[in-house]
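Novice: In my numbering, the protein residues as written are 9 to 261.
From the three backbone atoms N, C-alpha and C, an ideal C-beta is built for every residue, glycine too.
Below you will find the structure I want to go over with you.
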């Protein structure tokens, strides 16, 4: 019975790991983001032009992630969600794990349709998963160079990935945020569009707001990390105890 006991425990742990695998990925990335969020790089006005095919990150990619050397071209803030994320002038796996990327880095927020892409990994408190909390007329702020651009959400919708109409230029300045509708491989995209309301120079107050939201985001990432770790090991310990107790009862009969 000794060997079978350990075998059952190993099977249970393996099954639990597979069941909790998405949560483990989220917890690992949350941990990584608590480390890279403190690294500030220079905000650049002339972004780079680099793009890779967007694919959901693998566990090994998240495990190897140590941040990105790309300069930050903007910060995206959503006060109602306690959300701030760095936006990079390139779309690579590294930049999408660190924040979001610009699809057309040559466009300018004061006159163009600015298109930003990011990952949705299942946790709606992580990266662009937070877009799902947005509703019409919610406020979004883009800190770009020395300006703050205030947008208001006009619509949220799910489209086919082949629908490229949302990428086109618009008659007036607009912000378009795009992520996958689920954390799995999908041909659907969740899209948020927002119209530019006004722009103004950055001030001490706007910088304080940015720092405050960064602290909130870092704290939430830390909480998500410990919640995931705690839940996994609690289930593992509880399941192991139940298995061992049942085996002892069977031996006693």
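Nearest to residue 207 by CA position, among 182, 15 and 125, is which residue?
Specialist: The option with the nearest alpha carbon to residue 207 is 182.
Novice: What are the residues that DSSP puts in a beta bridge with residue 197?
Specialist: Bridge partners of residue 197: 167 and 188.
Novice: Taking the beta carbon of residue 48 as the centre, do at least 16 other beta carbons fall within 10 Å, making it buried, or is it exposed?
Specialist: For residue 48, the pLDDT reaches just 42, beneath the cut-off of 50, and the residue's location in the model is therefore unreliable, leaving the point undetermined.
Novice: Looking only at DSSP bridge pairs, what is residue 183 linked to?
Specialist: Answer is 122 and 202, bridged to residue 183.
Novice: Under 8 Å, with one C-beta from each stretch per pair, do the stretch 136-146 and the stretch 80-99 reach the 3-pair mark?
Specialist: These segments touch.
Novice: Can you find at least 3 beta carbon pairs, one from the stretch 66-79 and one from the stretch 187-204, that sit closer than 8 Å?
Specialist: The stretch 66-79, when compared against the stretch 187-204, does not touch it at the 8 Å Cβ threshold.
Novice: Count the other CB atoms within 10 Å of the CB of residue 209; is the residue buried (16 or more) or exposed (fewer)?
Specialist: Its Cβ having fewer than 16 others within 10 Å, residue 209 is exposed.
Novice: Locate the alpha helix (DSSP H) running through residue 104, then write down its first and last residues.
Specialist: Note, residue 104: alpha helix (DSSP H), 101-106.
Novice: With H, G and I counted as helix, E and B as strand and the rest as coil, what does DSSP make of residue 209?
Specialist: Residue state, collapsed to three classes: strand.
Novice: Tell me which same chain residues have a C-beta within less than 7 Å of the C-beta of residue 219, skipping the five on either side of it?
Specialist: If we look at residue 219 and ignore the five residues flanking it on each side, it has no Cβ neighbours.
Novice: Taking Cβ positions, are residue 109 and residue 122 nearer each other than 9 Å?
Specialist: Taking 9 Å as the Cβ cut-off, residue 109 and residue 122 do not qualify as a contacting pair.
Novice: How should residue 197 be labelled, buried or exposed, when 16 other C-beta atoms within 10 angstroms of its C-beta is the threshold for buried?
Specialist: When all chains shown are included, residue 197 counts as buried.
Novice: Please confirm if the stretch 95-105 is in contact with the stretch 229-239, defined as three or more CB-CB distances below 8 Å between the two stretches.
Specialist: At 8 Å Cβ cutoff, the stretches do not touch.
Novice: Which residue from 93, 74, 77 and 75 puts its Cα closest to that of residue 83?
Specialist: Residue 83 has its Cα closest to that of 93, out of 93, 74, 77 and 75.
Novice: Using alpha carbons as the reference points, say which of 25, 171 and 165 lies closest to residue 240.
Specialist: Of the candidates 25, 171 and 165, the one whose C-alpha sits nearest the C-alpha of residue 240 is 25.
Novice: Starting from residue 83, follow its DSSP beta bridges and name the residues at the other end.
Specialist: Paired residue(s): 94 and 151.
Novice: Can you name the start and end residues of the alpha helix (DSSP H) that residue 67 belongs to?
Specialist: From DSSP, the alpha helix (DSSP H) with residue 67 extends over 67-72.
Novice: What does a CB cutoff of less than 8 Å around residue 144 pick up in its chain, not counting 5 residues either side in sequence?
Specialist: The answer, listed in chain order, is 161, 162, 163 and 164.
Novice: Which of the three DSSP states, helix, strand or coil, is assigned to residue 226?
Specialist: Residue 226: helix per DSSP, three-state reduction.
Novice: Is the beta carbon of residue 70 sitting closer than 9 Å to the one on residue 27?
Specialist: No, the Cβ-Cβ distance between residue 70 and residue 27 is not below 9 Å.
Novice: If you draw a straight line from the alpha carbon of residue 14 to that of residue 134, how long is it in whole angstroms?
Specialist: Those two C-alpha atoms are separated by around 37 Å.
Novice: Classify residue 214 as helix, strand or coil using the three-state DSSP reduction.
Specialist: Reduced to three states, the DSSP call for residue 214 is helix.
Novice: Please report how far the alpha carbon of residue 189 lies from the alpha carbon of residue 118, in whole angstroms.
Specialist: Residue 189 and residue 118: Cα-Cα distance of roughly 28 Å.
Novice: Taking C-beta to C-beta, are residue 128 and residue 187 nearer than 9 Å?
Specialist: Yes, the Cβ-Cβ distance between residue 128 and residue 187 is below 9 Å.
Novice: At the level of alpha carbons, what is the spacing between residue 255 and residue 245?
Specialist: Each residue's alpha carbon lies about 15 Å from the other.
Novice: Grouping DSSP H, G and I as helix and E and B as strand, with all else coil, what is residue 246?
Specialist: In the structure shown, residue 246 sits in a helix (DSSP, three-state: H, G or I).
Novice: Mind checking whether residue 221 and residue 85 have CB atoms under 9 Å apart?
Specialist: Cβ distance < 9 Å, so residue 221 and residue 85 count as in contact.
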